[in-house]
Amino acid sequence: MFSVLEKLFRTGCLTEDLPPAGEESAELTAACRQEITRVFGRSMAIRMVDAGSCNGCELEMHALNNCFNDIERFGLHFVASPRHADLLLVTGPVSRHMQDALKRTYDATPDPKLVIAMGDCAADGGEFGVSYASVGAVSNVIPVDLVIPGCPPTPVRLLQAITTLLGRCPQAGKTNEAR
Amino acid sequence: MISQADLGWQSLSPDTATLVQLFGEAGIVVREEFTGESAIAGAVHLIDIENGDWGRAAEVAAAKRVRWSAVWGEHVPPRIDVFALLACRNGHLLLRTHLRETGGSLPSQTPFYPGADRPERTVADMLGVVFTGHPDGRRWLRHQAWTENQFPLRKEFPLAGTPTPATPPDCLYPFREVSGDGVYEIPVGPVHAGIIEPGHFRFQAMGEDILSLEEHLGYVHKGIEKVAEGRDVWGLARLAGRVSGDSTVTHCWAACQASEAALGVGVPKRAAFIRAILAERERIANHLGDIGACCNDVGFAFAHAQCARLRELWQRDNRLLFGHRLLMDVVIPGGVRRDLDRAGIDLLREANTRLSAEVGEILPLLYEYPSLQDRLRTTGELTPKQARALGALGYVARASGECWDLRRDAPYAPYDGMVVTVPHCLEGDASGRVRVRGDEILVSLDLLEELLNKLPPGEIAATLPTTHAECRGIGLVEGWRGETVAYVHLDGAGRVARYFPRDPSWLNWPTLEAMIHGVIVPDFPLCNKSVNGSYSGHDL
Ligand code: SF4
Numbered sequence: 001m002f003s004v005l006e007k008l009f010r011t012g013c014l015t016e017d018l019p020p021a022g023e024e025s026a027e028l029t030a031a032c033r034q035e036i037t038r039v040f041g042r043s044m045a046i047r048m049v050d051a052g053s054c055n056g057c058e059l060e061m062h063a064l065n066n067c068f069n070d071i072e073r074f075g076l077h078f079v080a081s082p083r084h085a086d087l088l089l090v091t092g093p094v095s096r097h098m099q100d101a102l103k104r105t106y107d108a109t110p111d112p113k114l115v116i117a118m119g120d121c122a123a124d125g126g127e128f129g130v131s132y133a134s135v136g137a138v139s140n141v142i143p144v145d146l147v148i149p150g151c152p153p154t155p156v157r158l159l160q161a162i163t164t165l166l167g168r169c170p171q172a173g174k175t176n177e178a179r
Numbered sequence: 180m181i182s183q184a185d186l187g188w189q190s191l192s193p194d195t196a197t198l199v200q201l202f203g204e205a206g207i208v209v210r211e212e213f214t215g216e217s218a219i220a221g222a223v224h225l226i227d228i229e230n231g232d233w234g235r236a237a238e239v240a241a242a243k244r245v246r247w248s249a250v251w252g253e254h255v256p257p258r259i260d261v262f263a264l265l266a267c268r269n270g271h272l273l274l275r276t277h278l279r280e281t282g283g284s285l286p287s288q289t290p291f292y293p294g295a296d297r298p299e300r301t302v303a304d305m306l307g308v309v310f311t312g313h314p315d316g317r318r319w320l321r322h323q324a325w326t327e328n329q330f331p332l333r334k335e336f337p338l339a340g341t342p343t344p345a346t347p348p349d350c351l352y353p354f355r356e357v358s359g360d361g362v363y364e365i366p367v368g369p370v371h372a373g374i375i376e377p378g379h380f381r382f383q384a385m386g387e388d389i390l391s392l393e394e395h396l397g398y399v400h401k402g403i404e405k406v407a408e409g410r411d412v413w414g415l416a417r418l419a420g421r422v423s424g425d426s427t428v429t430h431c432w433a434a435c436q437a438s439e440a441a442l443g444v445g446v447p448k449r450a451a452f453i454r455a456i457l458a459e460r461e462r463i464a465n466h467l468g469d470i471g472a473c474c475n476d477v478g479f480a481f482a483h484a485q486c487a488r489l490r491e492l493w494q495r496d497n498r499l500l501f502g503h504r505l506l507m508d509v510v511i512p513g514g515v516r517r518d519l520d521r522a523g524i525d526l527l528r529e530a531n532t533r534l535s536a537e538v539g540e541i542l543p544l545l546y547e548y549p550s551l552q553d554r555l556r557t558t559g560e561l562t563p564k565q566a567r568a569l570g571a572l573g574y575v576a577r578a579s580g581e582c583w584d585l586r587r588d589a590p591y592a593p594y595d596g597m598v599v600t601v602p603h604c605l606e607g608d609a610s611g612r613v614r615v616r617g618d619e620i621l622v623s624l625d626l627l628e629e630l631l632n633k634l635p636p637g638e639i640a641a642t643l644p645t646t647h648a649e650c651r652g653i654g655l656v657e658g659w660r661g662e663t664v665a666y667v668h669l670d671g672a673g674r675v676a677r678y679f680p681r682d683p684s685w686l687n688w689p690t691l692e693a694m695i696h697g698v699i700v701p702d703f704p705l706c707n708k709s710v711n712g713s714y715s716g717h718d719l
């Protein structure tokens, strides 16, 4: 017990400022951005759906929760059910075996059902393309609001994109007052 | 009780030559000595046997405690070749048989090797080979995206297939049922609760206790083997690096090793060393992440936070030195894409020193922390006997006394010049698997130190021949999950005719079903994480 506390103390707070997003990280209509800010206020629940990924994208999604990125400080958190979600974060080319599950997950998500397609596969099928087994891009199955390219996109890029989508990309230095 | 006879059994298994001799004594006609197109390059001993002897060969091998590793097929019109890989004391024996493309059947090896169950059903799904005497006639990888009479890996089957616009869900898969008073069923998936890949788990439970678990996988089948056809070796390497993103170095190395063996290309020494550096870094990153995640599954957030921190720092160094946080596309045919300069080597050494100090502090704490170990010990026990019967691999096997590691038992460059310690234990529970993985981090740190100290000078990539004849090769790499296999067949134009990757998860997914009896439902996530099979690497 004592050793755990001591280690925690020595480790300290390592959460880092998020660099401002570049132009390319999100292409979004102004109306959509306004709507999100209006609807969600300060928090948003994310449900991830792996629709056929190689699991590389998932590893970087996990990294959003580590102490450096700490996604929860932006009011963003991963939830266990699409019924609790505001946003679906979808990875992978959509395998035909997951096509219906993805559609059903989307149907189970309450409005406004935001969808981010994460990674090159989700964007256009990536290395796997369209085939007897793959439907390719996520947008071939459900409407997509934002595409984040990369194989896989880095956690910082992912955070930048999500916060941009929320119209709340932080100014550098403003998020870590507690530090 | 665990008896001495249950342990160290690989040292009791025969070597490949003896096994071939035993086949002969059992009346199996064996053909050896192959040249040209029919030869397969790589660290395997190839033999051809008759269709009718396929099951008998497995029976002879199983009786001698030879480990079963893989089965796959290849359509070479007008025939289908079927391969089975067996691991002997001194290396691998590759069995091959030739079948007619229509109406061909083989005696199943599953009665002698339970681990062959799903792999054989997959060969049936993908190529239409019938395995007679197989105890389970159900399909495996096929859901509803193609029909019973279509076989995606046949040459006449087009890559695009003949799909309907909306593929129906696979709701009618006939799961085994358990009946009785108070028994109820819990269906889970394919979309799970956490950040995890999709698959379906069907539990039969009574109160809190799980009576049985049946897995239904194949949800992320995206046609990797078919997509590989027609690519050149560079495109193949990129694809192999995405068979399972967490094992990108491993699969890419195995595929390149197979291609290089086929083409007769020697990899420069320096490149082999850098590949091993990448592979050990991949091992450490995954072990760190998963140890944290196992602890998190029983609510010990401290370990999760600490391990995730160390993993992130490790990945940042990957990006800095190799250009990619997960090390994708750094291994290329003939060698590696990135060299290490003095500064890079120093940086990696410092990272080693830092991580050694950190894990030296954290691991002993985890191994002894009472409230954590109270949950991990005796949870999800896999006996040595079960591990052996199922052909378990990697840390799952090693935590149950089955101490295989290719880096030591069938070493390839650069491990052939190194001493690799293989941590193992007998408990076979979640605690044992966490401990073995923790200890493997320490071994990998030592190996990294040695690799960095002895990094030879020279080229980092060999030139590949521009023209060559049709050729085939096998790659065998010990990834962080365990023994990883790749089979590559290149045509005379340098295009892939067949690529088969065998992720260790194929052998480890069934161990989860075996260890779950009597475990309480809330401990399932822990058991699952402690095995951590790849869905993508399995579903292909
Ligand atoms: S984008 Fe890259 S990392 Fe993500 S699922 Fe596709 S291949 Fe894997």
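Respectively, the protein sequence lines represent chains G and V.
Sequential numbering from 1 applies to the first sequence in our numbering.
Sequential numbering from 180 applies to the second sequence in our numbering.
Ideal Cβ placement from N, Cα and C applies to all residues, glycine included.
- Residue range 155-165 is occupied by the alpha helix (DSSP H) that includes G/T163.
- Exposed is the label assigned to V/E204, since fewer than 16 other Cβ atoms lie within 10 Å of its Cβ.
- Residues of chain G with a Cβ closer than 7 Å to the Cβ of V/W685 do not exist, since the nearest Cβ in that chain sits about 16 Å away.
- Excluding its 5 nearest sequence neighbours in each direction, V/A437 has C-beta neighbours in its own chain below 7 Å: G221, G652, I653, G654, A665, Y666, V667, listed in chain order.
- The ligand SF4 has no heavy atom closer than 7 Å to the beta-carbon of G/S134.
- In this structure, the CA atom of V/K243 is about 6 Å from the CA atom of V/S192.
- It is roughly 32 Å from the alpha-carbon of G/M48 to the alpha-carbon of V/W413.
- DSSP, reduced to helix, strand and coil, places V/I695 outside both helices and strands of the structure shown, so it counts as coil.
- Inter-residue distance for G/T91 and V/L396 is about 18 Å (C-alpha atoms, whole angstroms).
- Out of V/T532, V/L415, V/C267, V/F382, the CA that lies nearest to the CA of V/L627 is found in V/T532.
- Among the CB atoms of chain V, none fall inside 8 Å of the CB of G/K113.
- Interface annotation, V/S715: in contact with chain G, CB-CB separation under 8 Å.
- The continuous alpha helix (DSSP H) containing V/C474 extends over residues 448-475.
- A Cβ-Cβ contact shorter than 8 Å links V/H483 with V/G471.
- DSSP places V/L264 inside the beta strand (DSSP E), whose first and last residues are 258-267.
- A distance below 8 Å separates the beta carbons of G/L146 and G/A161.
- Between G/V144 and G/V135, the C-beta spacing is not below 8 Å.
- Note that the stretch 67-83 of chain G does not touch the stretch 343-361 of chain V; fewer than 3 beta-carbon pairs, one per stretch, sit closer than 8 Å.
- Relative to the non-hydrogen atoms of the ligand SF4, the Cβ of V/R417 never comes closer than 7 Å to any of them.
- Any heavy atom of the ligand SF4 within less than 6 Å of a residue's beta carbon puts that residue on the list, which reads G/S53, G/C54, G/G56, G/C57, G/T91, G/G92, G/G119, G/D120, G/C121, G/G126, G/E127, G/C151, G/P152, V/R421, V/G424.
- In the structure shown, the three-state DSSP call for V/C486 is helix.
- Contact residues of the stretch 411-422 of chain V toward chain G are G414, R417, L418, G420, R421, V422 (C-beta to C-beta distance below 9 Å).
- Under the three-state reduction of DSSP output, G/I142 falls in the coil class, being neither helix nor strand.
- Interface criterion met: the Cβ of G/T154 is under 8 Å from a Cβ in chain V.
- Classified as buried, V/H313 has 16 or more neighbouring CB atoms from the shown chains inside 10 Å of its CB.
- Sorting V/L527, V/A455, V/A576 by C-alpha distance to the C-alpha of V/P590 places V/A455 at the top.
- Cβ proximity to chain G below 9 Å picks out M507, D508 from the stretch 506-525 of chain V.
- Rounded to whole angstroms, the gap between the alpha carbons of G/L18 and G/L64 is 12 Å.
- Between V/E560 and the set V/G307, V/G697, V/F291, the nearest pair of CA atoms involves V/G697.
- Excluding five sequence positions before and after V/R577, the CB atoms of its chain that fall closer than 6 Å to its own CB belong to H603, V615, given in chain order.
- With a beta-carbon spacing of about 13 Å, V/F291 and V/L274 fall beyond the 8 Å limit used to define contacts.
- DSSP places V/E537 inside the alpha helix (DSSP H), whose first and last residues are 521-547.
- Going by DSSP, V/Y574 is part of the alpha helix (DSSP H) stretching over 573-577.
- A straight-line Cα-Cα distance of about 9 Å links G/D70 and G/L14.
- Contact annotation for V/L273 against chain G: no contact, minimum CB-CB distance about 27 Å [criterion: below 7 Å].
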